[in-house]
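Following: one structure in structure tokens, then a few remarks.
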Amino acid sequence: MSALNPVSETWLAPAKLNLFLHVTGRREDGYHTLQTAFIFLDFADTLQFEPNDSGDITRFDVKGRLEVDLPEEDLCVKAAKLLRAHCCVSQGVRIRLTKKLPAGAGLGGGSSDAATTLIALNQLWGTGLSRGELIELGRQLGADVPVFIHGETTLAIGVGDEFLPLDVPKQAYCVLIPQIHVSTAQIFSDSSLTRDTPIKTIRGSLPPVLLND
Numbered sequence: 104m105s106a107l108n109p110v111s112e113t114w115l116a117p118a119k120l121n122l123f124l125h126v127t128g129r130r131e132d133g134y135h136t137l138q139t140a141f142i143f144l145d146f147a148d149t150l151q152f153e154p155n156d157s158g159d160i161t162r163f164d165v166k167g168r169l170e171v172d173l174p175e176e177d178l179c180v181k182a183a184k185l186l187r188a189h190c191c192v193s194q195g196v197r198i199r200l201t202k203k204l205p206a207g208a209g210l211g212g213g214s215s216d217a218a219t220t221l222i223a224l225n226q227l228w229g230t231g232l233s234r235g236e237l238i239e240l241g242r243q244l245g246a247d248v249p250v251f252i253h254g255e256t257t258l259a260i261g262v263g264d265e266f267l268p269l270d271v272p273k274q275a276y277c278v279l280i281p282q283i284h285v286s287t288a289q290i291f292s293d294s295s296l297t298r299d300t301p302i303k304t305i306r307g308s309l310p311p312v313l314l315n316d
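Add 103 to the 1-based position in the sequence shown for the numbering used here, that's all there is to it.
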């Protein structure tokens with residue numbers, strides 16, 4: 104087959120914005136502690152999933168061609184394999200990813216794709232995990248994956264995976280994306296990064312002055 108079956112299910116993997124990002128410290132394991140606010144945009148990648156009984160997990164491009172040279176860290180395939188192993192699933196799945204979110208833009212595209220894969224296959228494979236259990240799995244794939252599984256505007260602390268309620272008025276955002284790829288790992292390992300921003304008391308809504316470390 105050169106394309107997914109018409110009965111395959113389509114899911115969206117939305118972009119996120121950090122309305123602010125405070126780096127409050129660094130743990131012994133190298134992860135940074137944060138204080139940030141996540142919102143989600145109506146700008147998204149699209150994923151299609153077609154479960155099968157072969158047990159194979161494969162990914163296809165937007166034209167339905169098999170992706171044969173995917174890197175080992177491809178988060179869609181990695182998420183599917185993680186869920187299958189965790190739940191002892193015998194089924195496989197064909198995944199087609201249509202990318203709109205650029206890599207290295209801070210919009211969380213790869214993490215969103217991974218989270219959507221976990222959520223979709225939890226339903227399609229009938230694995231029955233709770234949202235909390237999916238968040239625990241998501242932590243193994245990356246620090247931003249849990250917030251996409253959480254799926255709500257939120258204040259995040261810890262390494263960005265502990266969530267508190269946050270009220271943010273609905274509004275439009277102008278998102279400018281220069282043709283530059285910025286490595287998250289490179290930024291967080293840079294010696295000039297501020298790592299001691301004091302934690303602010305935020306109760307339900309955002310204060311007027313916030314920073315992006």
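Glycine included, every Cβ here is placed at the ideal spot set by N, Cα and C. For clarity, every value in this text was computed on a predicted model and none was experimentally measured.
- DSSP, reduced to helix, strand and coil, places P310 outside both helices and strands of the structure shown, so it counts as coil.
- Ranking L269, N315, D156 and I290 by CA distance to the CA of E255 puts L269 first.
- Between V126 and T297, the CB-CB gap stays under 8 Å.
- Proximity to Q274 across L120, A116, T113 and D216 peaks at L120, based on C-alpha coordinates.
- It is roughly 43 Å from the alpha-carbon of R187 to the alpha-carbon of P310.
- Runs of alpha helix (DSSP H) with 4 or more residues, each lying fully within the segment 213-289, are found at 234-242 and 248-253, listed in chain order.
- The criterion of a C-beta distance shorter than 8 Å is satisfied by G211 and A118.
- Taking the Cα of L144 as reference, the smallest distance to any Cα among G245, V278, G167 and V248 is reached at V278.
- Between L221 and L204, the C-beta spacing is not below 8 Å.
- DSSP, reduced to helix, strand and coil, places V180 within a helical segment of the structure shown.
- Counting only the Cα atoms, P249 lies some 13 Å from L267.
- Measuring C-alpha to C-alpha distances from V165 to each of T139, R197, H135 and E236 identifies R197 as the nearest.
- The straight-line gap separating the alpha-carbon atoms of L313 and I290 is approximately 20 Å.
- Straight-line measurement puts the Cα of R129 at about 15 Å from the Cα of T139.
- Partner residues in a beta bridge of D132, as assigned by DSSP, do not exist.
- Setting aside the 5 residues that flank it on each side, C190 is surrounded in the same chain by T230, each with a C-beta closer than 6 Å to its C-beta; the list follows chain order.
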